[in-house]
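J.: Chains as they are written, first to last, in the working numbering: chain R, 51 to 419; chain B, 390 to 796; chain A, 3 to 200; chain W, 10 to 668. This is the structure, below, for whatever I ask next.
Pasting the structure below:
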């Protein structure tokens, strides 16, 4: 029952499975080799199954000879287009190359099955049914996935390329078009099929074109700048306002926060309370090398920020830099969490302090034993 | 489960029940139990553990009685209603009144227990009358204790120690617990129930010891490879002895004059200071030698070894610094002379040379730790616990001579 | 849950609800707990931004409002699809299912855009607790919408080729339940994450 | 619902052009051969496969337990090293909970719920098959870690941050998290399936309050699973993202709170305890009445207390965290809530005892296991009450006292119930009675071994020996002959006796399979619907679906009460009842056809998981398998025409497959 072709592929697949197992145990399961072997096994198994099922492509002897005229198909064209994409891809981008390979493979699979089923019997309807039986379980998911991926990707590329406000407008426009189209088609059931198909095709092409255009023009300048300059991740610890970092400071932290101490700036004075001791203090102890979270709460009119001055650290040979960590500028009535890890003990008093930026004479000593 | 010690006044009224049912049950239980188990949960030695004990004894008694009743009922049913050829019984589906009664009775018992439980929970969580604060930091696989400045106890600068927690008797001590790496749990059964030490949080745990002595404990939250070896001991000293201990800890560092110990100091400066701090130790150029441990160790710290020989244990209380005979002498000392024996520290004769040398020779072999360089990819090369240092025998000789001087 | 579709068509059992619909209801009950867990995680961590951006620095409320509205509209079109299926109007069913799927895809496209923008503004997956819990919560929702889109497209294919055994409207309704659920979850997420200031 | 002929299809539904799609035809529906098992969707076959797999994992988990006890028999044990010991106790718990007790419950539930409610199969047979394969592959995946660098070593509770990438650098925890994720999917699908079956597919006349107690308890469990599984799913996802994708959920340096894991874990973990124990309550509520020849005492109380346990079980999770620093208010609340749960549990114990009371007791092995459950579970329940008392719990938690407690509950409770069920239902499943003689050895050795192993742990724990320690030291063992060293040794000896006791069960199975005689139709003079069919049941369960008039329907058909004397007399035997059912055989019985897709779909899951650990492209391959599997499944009708199966099956006269 096993055909020659299938035996070859089955053997190859078994060999692949064995080498995958050996490779995994002896070499390293996370290496690229293991991955490749892993992909190889099902691929060859699929080929084996195809060979087995199509009896190596020999026409079924029991059925009358296949129709002489093969059904018209677009797959030769698709294959050619795929090859073209591969060629373009080799000189431009790897993504295009991969797309081309996928198209070529898909076209060949479809083409093979199509021509095989054309020869299966003399009855075209039966042949078409046969083709559908094998291809539909593959086509459904592939088309659904590609369809949604195209919409999602094209759309997000367009949005990234245009300006922020234009993006939102575009979003509304696109969604409205879809909706309006739906309503239009629904209330006019008599519309010609070709017209509907045409409108949809124009929409799809437009979307893809937009996506390609968006992708090639790149993301908008504003975002590129935010990334390269670290707008929101870089914080200056002075009393002045950072243009980006201090915009929209946090108003509160979760009430269930696990904190080691609470520091409050009440009417111009800085006070601390440590976990387990309700009394106010101006000294808190933090165990060395221990990530410790402190809540800073601003109860004074105006925006203030808590700065932890954590001594100095060598940045290069002979150069030391002050180590400091800070919250954002916190508006009155708001709070923020500051998580510190201090690796070295504070040998002399005042080595580590918590201060409010721009306020003199108010500080809380941090003792690291 | 012996408790010969006189107990403070009964905390709750459930106690009265104890007098009637306990003797019988205690007799059964006593027969099967070890005597003097160091971590016995039924042998309280301080008011917190006592409060728990006063609650749990009646609960156990009630549970035992209920258990006996059920067992007796089942046993009787098995005996009485076995198939002796009797007719098929009437197909009754139950008696709701009986059902409801038998639902309400346990509910009532539980309600009573619940009331006392809630009261004890709140009594145990009281912290406002704390007299002394100690910060406790757990890490793989030992405990660090630091005593913040508390003038009333003569602590004028922070004391950092490990392995043995030293507390004055009759003093309400609050442990502020946290952790540097994973969750640990601090448990000295004879002083109080356990409380987890969670990284990023501070948990409060109040203990108080009635009498001088050593109270054993053990980390009870699974914390990795050497969880079983993460032990601790609480040492209770009389108030005078405690003052002496504080003075001893605060005494300035004395560099050994010369000889083997002096050479040992050099080895220490060369090898050990990378992780271990000895307060007051200075390098040859007069600069203070400060450990920078977070560069090598995941949890970021190694035990502070100042006054090492004033403790009785090392390596997370896994090994004794005392020989077995000397250890027994300290552990079994009467409350009256315990203080002086403990404060004497480790003399050269009493030093447990075998374990200490073994430890210096190859620590990971003595205690399972993630110190194998081959397995450190996940931690970026940082190890947990003490690594193998490849010290020569002569270095070990010198180091032991030096360590003995750290008193 | 497209696989549920086929199982036993539309028999009505002891409860009067068909098996597939009862099964879907139960599954959605379970999903509530899944999102409950993720939302709790987010609520616990939402203020913990560390050195990274805060929510209000990156959020683009007008945009997200629009995309939420689009998702809501897709619920409406889903209802139209169900009613078309109940009237055995295959053409309208297919049409409204497609529109629903397209609106859903638009929403997911918006989310992909949003994530990319946030990433560029410094909010990486491991930047802070807020970032991790935000991406996991909204990402899970996005995955649910995506699965829904694939289910809708599959349903379109199956309706067109008459592959649905048993009652078509029952099946469309079951997928509709899932779709409405995903929408409702989004309303909760949108309110908690975007609208309530931290 | 595979039973009833499809109601007249709406006019809009055209005939399906070709029932089978895809290149492969459908697998055959023969009753024999490996293919009949691999592609089956029959709830009975799946039940047996669940059971066999679960018992295999029981042996694995048992061997792990014996190794643990050998290591701890003497001080400073050298059988295992610390690393291996930590893996051992982690995997012992994981295996026993997720790969033995839970699937064993699935086995019984799968097999007997349709039979007990009078249905021909479960609501979604293919999803049922998928559930089994997902469980099997998940279980294998979990244990693969042993061969790929070491199993998980963080304890089954896997507390963060000890389970993070820094503190557990091997891939063990990854395999653990993803393996549990896969078995979790299995549990979830099973839960949906069984609840729909119970709610929607009961035989005519079977109201909810006429359902057998096992079905009731199993249903409560499915609801617990339905709502508990997503919570652990979230926790496992967070852990997976933390370990493999650099998320910060449990990273304290980023400000995280490690207690988040504990809450998520125990919100799942506590209902999980009831998931493990309630089915066994159900089993013995079937066994006790049968062998007492008396209905269950207070059926509604048993049912409602079971449901009450299910509800209250959600509000007590934090009692696992009394020592973790919750604050006195939470501790007090959870402490009281935990005590409240003792009330419905107590109701059950009372009802079982009262069922025995006044009965005509026959001490078969099944009955012995059931009675032992009452006593042993009571011990475990009462020790549970002692640590519901939070202050007392701070002394006991994480000591061997807890180990003793939950083994009395889970071994003395869940596992004894499972064994009771096996002896009781074995003739139903396989048509042969297990030997009572060997069964007695099995029971007594297990009972003695169990008490010797876990009894001393009460003392060990109360005298201060913590759990999860790879060694214990003589220095902390106390003095006297009965010191902790003595009790550790006793426990280890007990574990060997226990293992031998379990071995007798497997001997019994083998002996029965080779030499056992055919069991009579109604060997126990049973009471419920599953006995109203042949042994083993036919593929379609019942020739005609019975109409139910009573709780204990079968009993009431066999026996009648004489109104004058009040005497209970047998009016007809099982043979006559069955013969009558066969006479009234339903004209058309449509059974679902076997399918390839469940196993294909389930196979994709471990591939995805494997890819997440080692290499993303592999995960994509797995994802493709899953997507293709879903579509293949979706376009395959649940029942196939004869010519669509491969090779074409001979048209069966008895069961008509419907195209």
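Virtual Cβ for every residue (Gly too), placed ideally from N, Cα, C. None of these values were measured; they are calculated from a predicted model.
Per DSSP, what are the beta-bridge partners of residue 585 of chain B in this structure?
T.: Its beta-bridge partners are B:574.
J.: Which two residues bound the contiguous alpha helix (DSSP H) that contains residue 227 of chain W?
T.: 222 to 254 is the span of the alpha helix (DSSP H), which, as asked, contains residue 227 of chain W.
J.: Could you tell me the distance, in whole angstroms, from the CA atom of residue 690 of chain B to the CA atom of residue 157 of chain W?
T.: When rounded, the distance between both Cα atoms is 32 Å.
J.: Could you tell me if residue 638 of chain B is buried or exposed, where buried requires 16 or more neighbouring beta carbons within 10 angstroms of its beta carbon?
T.: Result: buried.
J.: Hey, does residue 10 of chain R have any beta-carbon neighbour from chain A nearer than 7 Å?
T.: Residue 10 of chain R lies beyond the range of chain R shown here (51 to 419); nothing can be said about it.
J.: Check whether the Cβ of residue 426 of chain B lies closer than 7 Å to any Cβ atom in chain W.
T.: Output row for residue 426 of chain B: interface = yes.
J.: Is the number of C-beta pairs between the stretch 396 to 409 of chain W and the stretch 498 to 517 of chain B that are closer than 8 Å three or more?
T.: Yes, the stretch 396 to 409 of chain W touches the stretch 498 to 517 of chain B.
J.: If you measure from the beta carbon of residue 262 of chain W to each beta carbon in chain R, is any gap under 7 Å?
T.: Closer than 7 Å: yes.
J.: To the nearest angstrom, report how far apart residue 562 of chain B and residue 606 of chain B are at their CA atoms.
T.: One C-alpha to the other measures close to 16 Å.
J.: Considering Cα atoms alone, identify which of W:599, W:309 and W:556 is closest to residue 589 of chain W.
T.: Minimum Cα distance to residue 589 of chain W is reached at W:556.
J.: Let me see if you follow: with CB-CB separation under 7 Å, is residue 201 of chain A close to chain W or not?
T.: Within the shown structure, residues of chain A are numbered from 3 to 200, placing residue 201 of chain A beyond reach of any answer.
J.: Just curious, the beta strand (DSSP E) that residue 386 of chain R is in, first and last residue?
T.: Per DSSP, residue 386 of chain R belongs to the beta strand (DSSP E) from 385 to 390.
J.: In the structure shown, what three-state DSSP assignment does residue 116 of chain R receive?
T.: Residue placement at residue 116 of chain R is flagged as unreliable, the pLDDT there being 48, under the threshold of 50; a coordinate-derived value is accordingly withheld.
J.: With which residues is residue 592 of chain B paired in a DSSP beta bridge?
T.: Answer by DSSP bridge pairing, in chain order: B:566.
J.: Can you tell me whether DSSP reads residue 529 of chain B as helix, strand or coil?
T.: Residue 529 of chain B: coil per DSSP, three-state reduction.
J.: Hey, which unbroken runs of the beta strand (DSSP E) at 3 residues or more fall wholly within the stretch 567 to 631 of chain W?
T.: With a minimum length of 3 residues, the continuous beta strand (DSSP E) runs that stay inside the stretch 567 to 631 of chain W are 568 to 570 and 577 to 579.
J.: Scan the stretch 166 to 181 of chain W for residues whose Cβ lies nearer than 7 Å to a Cβ of chain B and list them as they occur along the chain.
T.: So the close ones are 168, 170, 171, 174, 175, 176 and 178.
J.: Residue 688 of chain B versus chain R: which residues are under 8 Å apart at the beta carbon?
T.: Ordered by position in chain R, the residues that pass the 8 Å Cβ test against residue 688 of chain B are 339.
J.: Of all the beta strand (DSSP E) runs that stay within the bounds of the stretch 715 to 760 of chain B, which reach a length of 3 or more residues?
T.: If we require 3 residues or more, the stretch 715 to 760 of chain B turns out to have no beta strand (DSSP E) run fully inside it.
J.: When the Cα atoms are used, what is the spatial distance from residue 116 of chain A to residue 303 of chain R?
T.: One C-alpha to the other measures close to 24 Å.
J.: Throw me the rounded Cβ distance for the residue 330 of chain W and residue 275 of chain W pair, which I believe falls under 8 Å.
T.: Indeed, because the Cβ distance is near 7 Å, the residues count as touching under 8 Å.
J.: Going by Cα to Cα distance, which pick from R:384, R:250, R:214 and R:343 is closest to residue 298 of chain R?
T.: Per the Cα distances, R:384.
J.: Which residues share a DSSP beta bridge with residue 424 of chain B?
T.: The partner list for residue 424 of chain B (beta bridge, DSSP) reads W:488.
J.: What is the DSSP secondary structure of residue 436 of chain B, counted as helix, strand or coil?
T.: Residue 436 of chain B: helix per DSSP, three-state reduction.
J.: State the DSSP-derived secondary structure class of residue 656 of chain B, mapped to helix, strand or coil.
T.: Note: residue 656 of chain B maps to helix in three-state DSSP.
J.: DSSP three-state label for residue 666 of chain B, please.
T.: The answer is coil: DSSP assigns residue 666 of chain B none of H, G, I, E or B.
J.: According to DSSP, is residue 487 of chain B part of a helix, a strand, or is it coil?
T.: Looking at residue 487 of chain B - three-state DSSP - the assignment turns out to be helix.
J.: Measure from the C-beta of residue 343 of chain R to each C-beta in chain W and report whether the shortest distance is under 7 Å.
T.: At least one chain W Cβ lies under 7 Å of residue 343 of chain R.
J.: Is there at least one Cβ from chain W nearer than 7 Å to residue 515 of chain B's Cβ?
T.: No, residue 515 of chain B lies away from the interface with chain W (no Cβ there is under 7 Å from its Cβ).
J.: Output the residue ranges of the beta strand (DSSP E) runs that lie fully inside the stretch 450 to 475 of chain B and measure 3 residues or longer, sorted by chain position.
T.: Qualifying beta strand (DSSP E) stretches: none in this window.
J.: Contact criterion: CB-CB distance below 7 Å. Does residue 308 of chain R meet it with respect to chain W?
T.: So yes, residue 308 of chain R belongs to the interface.
J.: Given a cut-off of 7 Å, decide if residue 222 of chain W and residue 294 of chain W are closer than it, judged by their beta-carbon atoms.
T.: Their beta carbons are under 7 Å apart, which means residue 294 of chain W touches residue 222 of chain W by this criterion.
J.: Helix, strand or coil: how does DSSP classify residue 550 of chain B here?
T.: In this structure, residue 550 of chain B counts as strand in the three-state DSSP scheme.
J.: Apply the 10 Å Cβ neighbour rule to residue 506 of chain W and answer buried if 16 or more other Cβ atoms are within range, or exposed otherwise.
T.: Counting Cβ neighbours within 10 Å, residue 506 of chain W comes out buried, since at least 16 surround it.
J.: When the Cα atoms are used, what is the spatial distance from residue 631 of chain W to residue 606 of chain W?
T.: Spanning the two alpha carbons is a distance of roughly 14 Å.
J.: Who are the Cβ neighbours of residue 423 of chain W in its own chain at under 8 Å, not counting the five residues just before and after it?
T.: These residues qualify, in order along the chain: 110, 285, 286, 288 and 289.
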